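Per the working numbering: the sequence shown ends with 285, consecutive numbering throughout.
Positions of the beta carbon are idealized from the N, C-alpha and C atoms, including for glycine.
All values derive from a computational prediction rather than experimental measurement.
Comments concern the structure below.
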Amino acid sequence: MSALPLYQIDAFSRRVFGGNPAALVPLESWLPDATLQAIAAENKLSETAYFVPDSGSGSDFALRWFTPRVEVELCGHATLATAWWLFEHGGWERPELRFRTRSGVLRAKRSGQGVEIDLPARASQDDPSHLDRLSAALGQVPLLVRRGANLLAVFADEATVQNLKPDFSALRRLHPYGVIVTAPGQQCDLVSRYFAPSYGIDEDPVTGSAHADLAPYWAQRLGKSELQARQLSERGGELEIRLDADRVHLRGDCVLYLRGEIFLND
Numbered sequence: 020m021s022a023l024p025l026y027q028i029d030a031f032s033r034r035v036f037g038g039n040p041a042a043l044v045p046l047e048s049w050l051p052d053a054t055l056q057a058i059a060a061e062n063k064l065s066e067t068a069y070f071v072p073d074s075g076s077g078s079d080f081a082l083r084w085f086t087p088r089v090e091v092e093l094c095g096h097a098t099l100a101t102a103w104w105l106f107e108h109g110g111w112e113r114p115e116l117r118f119r120t121r122s123g124v125l126r127a128k129r130s131g132q133g134v135e136i137d138l139p140a141r142a143s144q145d146d147p148s149h150l151d152r153l154s155a156a157l158g159q160v161p162l163l164v165r166r167g168a169n170l171l172a173v174f175a176d177e178a179t180v181q182n183l184k185p186d187f188s189a190l191r192r193l194h195p196y197g198v199i200v201t202a203p204g205q206q207c208d209l210v211s212r213y214f215a216p217s218y219g220i221d222e223d224p225v226t227g228s229a230h231a232d233l234a235p236y237w238a239q240r241l242g243k244s245e246l247q248a249r250q251l252s253e254r255g256g257e258l259e260i261r262l263d264a265d266r267v268h269l270r271g272d273c274v275l276y277l278r279g280e281i282f283l284n285d
């Protein structure tokens with residue numbers, strides 16, 4: 020029987036039980052995809068991240084992310100958690116990390132007590148064709164709907180976003196899209212929630228990748244490239260955002276919640 024290290028890190032939070040928990044499994048080489056998926060399903064977190072050394076490709080590590088159901092193209096909070104662990108517990112001494120991923124090379128660097136990561140900015144376009152289905156699924160009519168990597172529903176105020184009670188079965192039928200709901204914040208630039216039930220995540224606590232969609236929209240709407248954001252899930256989380264051309268830089272803190280071992284039959 021072989022054992023793998025397992026860490027659970029609360030990302031985009033300064034305290035345990037806040038932000039978004041990510042599982043992290045460092046590997047020396049890739050396991051079969053079925054095993055990676057099975058571990059993620061067993062963890063029952065929105066994302067489990069795996070990484071292997073990858074210095075020969077121009078990056079430092081290859082990084083992959085799995086929900087309980089599928090491998091995904093992009094994940095922000097598990098990238099933040101992976102970088103933070105490498106800086107704080109993994110012995111990484113250089114100031115920057117480069118991850119080779121399905122969304123290209125992502126960079127991470129220390130920023131105060133936290134970490135800053137960069138993600139590709141993901142543009143969206145107005146798409147009224149989804150308005151009726153989204154309105155029915157969310158129980159409220161958005162001011163507008165946009166479509167990109169996700170569906171983006173924009174509301175007038177923070178309270179409406181906070182009080183939404185979505186029909187997850189109806190949202191599941193919008194696959195392959197996750198659904199971001201957003202509005203101006205009362206004490207920050209923007210607030211949001213993120214729903215992806217078809218990926219095994221009814222509501223994600225704090226979603227870095229969703230802010231790769233949100234940043235271009237809100238930067239243009241507000242006429243500013245630096246934004247303060249809050250995700251209004253039960254756990255909640257704060258994100259500092261900077262849009263730089265086609266990259267979205269996210270800064271956040273992390274805290275280690277758990278360390279353990281996974282035992283696999285050889």
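Nearest to residue i by alpha carbon, out of the options?
{"i": "valine 198", "options": "Gln206, Glu107, Pro161 and Thr101", "result": "Pro161"}
{"i": "tryptophan 103", "options": "Leu55, Tyr276, Arg166 and Leu209", "result": "Tyr276"}
{"i": "glutamate 66", "options": "Ala142, Asp73, Pro72 and Gln56", "result": "Gln56"}
{"i": "aspartate 221", "options": "Pro185, Gln247 and Ala140", "result": "Pro185"}
{"i": "valine 71", "options": "Gly219, Val91 and Arg117", "result": "Arg117"}
{"i": "valine 210", "options": "Asp232, Pro87, Arg191 and Ala30", "result": "Asp232"}
{"i": "glycine 110", "options": "Pro45, Gln247 and Leu241", "result": "Pro45"}
{"i": "valine 89", "options": "Ser21, Asp52 and Thr101", "result": "Asp52"}
{"i": "glutamine 206", "options": "Asp151, Gln247 and Glu259", "result": "Gln247"}
{"i": "alanine 202", "options": "Pro216, Pro195 and Tyr236", "result": "Tyr236"}
{"i": "threonine 86", "options": "Ala189, Tyr218, Tyr213 and Arg141", "result": "Tyr218"}
{"i": "arginine 261", "options": "Gly38, Pro139 and Trp49", "result": "Pro139"}
{"i": "glutamate 245", "options": "Phe214, Asp208, Asp265 and Glu257", "result": "Asp208"}
{"i": "glycine 123", "options": "Glu253, Ser76 and Leu105", "result": "Ser76"}
{"i": "glutamate 259", "options": "Glu253, Ala238 and Ser252", "result": "Ala238"}
{"i": "tyrosine 69", "options": "Ala234, Glu47, Ser21 and Asn39", "result": "Glu47"}
{"i": "leucine 190", "options": "Gln27, Leu171 and Asn39", "result": "Leu171"}
{"i": "tyrosine 213", "options": "Arg83, Leu251 and Gly38", "result": "Leu251"}
{"i": "arginine 192", "options": "Glu253, Pro216 and Asn182", "result": "Pro216"}
{"i": "asparagine 39", "options": "Gly256, Phe282 and His194", "result": "Gly256"}
{"i": "glutamate 177", "options": "Ser74, Arg249 and Arg119", "result": "Arg249"}
{"i": "proline 195", "options": "Phe174, Asn169 and Phe187", "result": "Asn169"}
{"i": "histidine 268", "options": "Lys128, Leu82, Gln181 and Ile136", "result": "Ile136"}
{"i": "arginine 141", "options": "Ala41, Ala234 and Gln27", "result": "Ala234"}
{"i": "glycine 204", "options": "Ala42, Val180 and Thr101", "result": "Val180"}
Indicate the three-state DSSP secondary structure (helix, strand or coil) for residue i in the structure shown.
{"i": "valine 180", "result": "helix"}
{"i": "histidine 149", "result": "helix"}
{"i": "asparagine 62", "result": "helix"}
{"i": "threonine 54", "result": "helix"}
{"i": "leucine 157", "result": "helix"}
{"i": "proline 216", "result": "helix"}
{"i": "serine 48", "result": "coil"}
{"i": "leucine 162", "result": "coil"}
{"i": "serine 188", "result": "helix"}
{"i": "proline 195", "result": "coil"}
{"i": "glycine 131", "result": "coil"}
{"i": "glutamine 205", "result": "coil"}
{"i": "asparagine 169", "result": "coil"}
{"i": "valine 35", "result": "coil"}
{"i": "alanine 175", "result": "coil"}
Can you check DSSP and say which residues form a bridge with residue i?
{"i": "aspartate 232", "result": "Answer is none; aspartate 232 lacks a bridge partner."}
{"i": "alanine 42", "result": "Gln27 and Thr67"}
{"i": "alanine 142", "result": "In the DSSP output, where bridge partners are listed per residue, alanine 142 has none listed."}
{"i": "aspartate 285", "result": "DSSP, once it has assigned bridges, lists no residue as partnering aspartate 285."}
{"i": "aspartate 137", "result": "His268"}
Enumerated in chain order, which unbroken segments of the alpha helix (DSSP H) with a length of 4 residues or greater are wholly contained in the region 64-128? 96-107
On the three-pair Cβ rule with 8 Å, is the region 215-229 touching the region 90-109? yes
Give the list of continuous beta strand (DSSP E) stretches no shorter than 3 residues that lie fully inside the region 224-283. 245-250, 256-263, 266-271 and 273-283
For the region 276-285 and the region 132-149, state whether three or more C-beta atom pairs, one from each stretch, are separated by less than 8 Å. no
Using a Cβ distance threshold of 8 Å, determine whether the region 27-40 contacts the region 261-274, with at least three qualifying pairs required. yes
Under 8 Å: do the region 124-133 and the region 154-168 share three or more Cβ pairs, one atom per stretch? no
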